[in-house]
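**Student:** Sharing a structure, written as structure tokens. Questions coming.
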Amino acid sequence: MGDPESIGIRELRQHASRYVAMAKAGKRVPVTVRGELVAYLVPAEEPTSILDRLEAAGQLRRGRGNILDLLPPPPAEPGEPSPSDVLRQMRDEERY
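Just so you know, we're using the working numbering here: the sequence shown kicks off at 2 and counts up by one.
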């Protein structure tokens, strides 16, 4: 389950344990009444690391999965430089 944009008070009443578990896990859950933000359900203890605090505040979303699971980039068209070559050229131009 992803983080909710916000939850209505009725949804909170019907599934309180789900949202309390999210808050316990460090998520900040916005609560609305008739579409108006009225409260946040937050963890009782303040996260200790800066990344945990940013995530709890909704300012950071950690990556999921493994970068090694991504497919390699498609090959460059014949006669075109590869993305690595273009990046290397850009870096070389930037240095001087």
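Even glycine gets a Cβ: it sits at the ideal position worked out from N, Cα and C.
Quick caveat, the model's predicted, so the values are computed rather than measured.
So, are the CB atoms of L38 and Y20 less than 8 Å apart?
**Tutor:** As a position in the sequence shown, residue 38 is number 37, starting the count at 1. As a position in the sequence shown, residue 20 is number 19, starting the count at 1. Against a cut-off of 8 Å, the Cβ pair of Y20 and L38 comes out as no contact.
**Student:** What is the rounded straight-line gap between the Cα of V87 and the Cα of R11?
**Tutor:** Your numbering for residue 87 matches position 86 in the sequence shown. Your numbering for residue 11 matches position 10 in the sequence shown. Their backbone Cα atoms lie some 54 Å apart in a straight line.
**Student:** For the structure I just gave you, are there three or more beta carbon pairs, one from the segment 21–36 and one from the segment 50–61, closer than 8 Å?
**Tutor:** yes
**Student:** Buried or exposed: which applies to I8, given that a residue is buried once 16 or more other Cβ atoms fall within 10 Å of its Cβ?
**Tutor:** For this step, residue 8 is matched to residue 7 along the sequence shown. Buried, because 16 or more other Cβ atoms sit within 10 Å of the Cβ of I8.
**Student:** Starting from L55, trace the alpha helix (DSSP H) in both directions and tell me its first and last residue.
**Tutor:** Here residue 55 refers to the residue found at position 54 of the sequence shown. Counting along the chain, the alpha helix (DSSP H) containing L55 begins and ends at I51 to A57.
**Student:** Give every residue of the same chain whose Cβ lies closer than 8 Å to the Cβ of D104, excluding the five residues on either side of it in the sequence, and list them in chain order.
**Tutor:** Absent from the structure is residue 104, since the part of the chain shown begins at 2 and ends at 97.
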